[in-house]
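Top line first, the protein sequences correspond to chains A and B. Residue numbering for the first sequence follows our numbering, starting at 13 and increasing by one per position. Residue numbering for the second sequence follows our numbering, starting at 13 and increasing by one per position. These notes concern the structure reproduced below.
There are 2 protein chains.
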Amino acid sequence: MTAHTDQIIADFVERLGLVTQADGLPRIAGRIMGLMIMHGGPFSFADLAERLLVSRASISTNTRLLENLGVIERTSVPGERQDYFRMRSNPYALLMRGYVERMRRAREMVEGTQSDLPSDLEDAHERLMELNEFYETLIESFESVIDSWDTKSKTSSAERPREPVEQTV
Amino acid sequence: MTAHTDQIIADFVERLGLVTQADGLPRIAGRIMGLMIMHGGPFSFADLAERLLVSRASISTNTRLLENLGVIERTSVPGERQDYFRMRSNPYALLMRGYVERMRRAREMVEGTQSDLPSDLEDAHERLMELNEFYETLIESFESVIDSWDTKSKTSSAERPREPVEQTV
DNA sequence: TAGTACGTTCAGTCTTGACTGAACGAAACA
DNA sequence: TGTTTCGTTCAGTCAAGACTGAACGTACTA
Numbered sequence: 013m014t015a016h017t018d019q020i021i022a023d024f025v026e027r028l029g030l031v032t033q034a035d036g037l038p039r040i041a042g043r044i045m046g047l048m049i050m051h052g053g054p055f056s057f058a059d060l061a062e063r064l065l066v067s068r069a070s071i072s073t074n075t076r077l078l079e080n081l082g083v084i085e086r087t088s089v090p091g092e093r094q095d096y097f098r099m100r101s102n103p104y105a106l107l108m109r110g111y112v113e114r115m116r117r118a119r120e121m122v123e124g125t126q127s128d129l130p131s132d133l134e135d136a137h138e139r140l141m142e143l144n145e146f147y148e149t150l151i152e153s154f155e156s157v158i159d160s161w162d163t164k165s166k167t168s169s170a171e172r173p174r175e176p177v178e179q180t181v
Numbered sequence: 013m014t015a016h017t018d019q020i021i022a023d024f025v026e027r028l029g030l031v032t033q034a035d036g037l038p039r040i041a042g043r044i045m046g047l048m049i050m051h052g053g054p055f056s057f058a059d060l061a062e063r064l065l066v067s068r069a070s071i072s073t074n075t076r077l078l079e080n081l082g083v084i085e086r087t088s089v090p091g092e093r094q095d096y097f098r099m100r101s102n103p104y105a106l107l108m109r110g111y112v113e114r115m116r117r118a119r120e121m122v123e124g125t126q127s128d129l130p131s132d133l134e135d136a137h138e139r140l141m142e143l144n145e146f147y148e149t150l151i152e153s154f155e156s157v158i159d160s161w162d163t164k165s166k167t168s169s170a171e172r173p174r175e176p177v178e179q180t181v
């Protein structure tokens, strides 16, 4: 592992942090993911804080966030006090579910307005329907991507199963 | 137009502002879109500022933003000094192109890392490829949605063409 | 010409939320 | 028991960027 390689890895970790920041997630969450993509993990809690040069508080907050999103999972090693984290098997599909949820809520808001608005405002209703159909199309398309991604990931994980050495808590 | 209806409209405008804020756009941009969905427009510059209770500076900034995104267009009326704005015909597909662009840049970043990273780090390469394929799938799926939305919008606009009364600048 | 009605720009304010340090509780040691 | 090592929580700091007011340039009007 040369210094040059280390630099490439550090760059990737940092850039992925910026990408997730643009997606509305904290930068540190993206850096954690980047680290786990580069090295397979699992990483201990203290290790994450040390490598990313951030406080333990941030690690606590962001690991819980990624845990709730279903992107990483917390594991423990018998005889060790520290928590360990690693990516789950198909994290990206799981990430997308969050976006779908947000779109679903937006569509529900539109539907609420549609049903509340007097029906004689025909033009407004037409434009609302257009917006509603847009969300509908988007949600369906996302879900089909998620499904195809799920099955693909299942197939490839069947090809080369990973034996977990830690116990999931 | 009862006060109750006004309330429903104001609620929608406000909520759409929050939705776009969650999508990473300024809240005022969403409110402008909400107003244009509710009333067909076109709206004058001063009218937007007055109805949304925001400064002209914010209107200037956010109309330019939406203009650059291709969501609204600026028009002018012969004999009037004010600028007018209205939504373009298929704003949602245009909105999505921005997201696709962002994903494309993210994928390029991943590809850059793939080509820079020494090839003996096989596990890392495998995980990077997985991420790359994820973006690939997502981009393709988005583009197919945009395409279908484009053709659909073309069809429906052919059914009931709108005669513009203003000249596009 | 001066005056008015525009839209834009920019310095400054304010809000939001990421991040930290310190205090804390719990659990494993001694 | 006390001590150490964990992760969590919370008040506080800091930074980013949305938003505003005021100054400005431009183009029309009289």
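Glycine included, every Cβ here is placed at the ideal spot set by N, Cα and C.
Residue i versus residue j - alpha carbon distance
i	j	result
G26 of chain B	R43 of chain B	Contrary to the premise, residue 26 of chain B reads as Glu rather than Gly in this sequence. So the alpha carbons of these two residues sit roughly 6 Å apart.
S88 of chain B	L65 of chain B	23 Å
F154 of chain B	D162 of chain B	12 Å
N74 of chain A	R139 of chain B	21 Å
G124 of chain B	D23 of chain A	11 Å
Q126 of chain A	H16 of chain A	58 Å
F97 of chain A	E145 of chain B	24 Å
E79 of chain B	I71 of chain B	12 Å
H21 of chain B	P130 of chain B	Note that residue 21 of chain B is Ile in the sequence shown here, rather than His. Cα to Cα, the separation comes out at about 57 Å.
Q19 of chain B	D128 of chain A	10 Å
E175 of chain B	K164 of chain A	Legend: pLDDT at E175 of chain B = 35, less than 50; position of this residue unreliable, value from coordinates given subsequently. So the two alpha carbons sit approximately 49 Å from each other.
R76 of chain A	F55 of chain A	14 Å
A136 of chain B	D35 of chain A	23 Å
Q179 of chain B	P90 of chain B	Legend: pLDDT at Q179 of chain B = 33, less than 50; position of this residue unreliable, no value from coordinates given.
A105 of chain B	E92 of chain A	52 Å
D132 of chain B	V122 of chain B	17 Å
A69 of chain A	E134 of chain B	33 Å
Own chain, CB closer than 7 Å to residue i, minus 5 neighbours either side, in chain order
i	result
L107 of chain B	L81 and V83
Q33 of chain B	R39 and G42
M115 of chain B	Y147, L150 and I151
R109 of chain B	I158
T14 of chain B	none
R63 of chain A	L47
From the options, residue whose alpha carbon lies closest to that of residue i
i	options	result
L150 of chain B	A:S160, A:F146 and A:E142	A:S160
R100 of chain B	B:I158, B:G52, B:P90 and B:Q94	B:G52
E85 of chain B	B:F57, B:D18 and B:D132	B:F57
A118 of chain B	A:Y111, A:L30, A:A105 and A:R68	A:L30
M141 of chain A	A:L77, A:P103, A:E120 and A:I49	A:E120
P103 of chain B	A:L143, A:G36 and A:F55	A:L143
Q94 of chain B	B:S156, B:L37 and B:D59	B:D59
Range covered by the alpha helix (DSSP H) that runs through residue i
i	result
D132 of chain A	Looking at the DSSP string, D132 of chain A is not in any alpha helix (DSSP H), and its letter there is neither H nor E.
Same chain, Cβ closer than 6 Å to residue i, five either side skipped, listed in chain order
i	result
G46 of chain B	F24, V25 and L28
M48 of chain A	M99
Residue i, enclosing beta strand (DSSP E) - first and last residue
i	result
T87 of chain B	I84 to S88
Close-in-space but distant-in-sequence residues of the same chain around residue i (CB under 8 Å, 5 per side omitted)
i	result
S67 of chain B	A61
M50 of chain B	I21, F24 and V25
V112 of chain B	I151, F154, E155 and I158
L37 of chain B	L77
- Taking only runs that begin and end inside the region 30-72 of chain A, name each unbroken alpha helix (DSSP H) of 4 or more residues, in chain order. 39-50 and 57-64
- Query: Mind pulling the alpha helix (DSSP H) runs of 4 or more residues that sit fully within the region 94-162 of chain B?
  - Reply: 103-128
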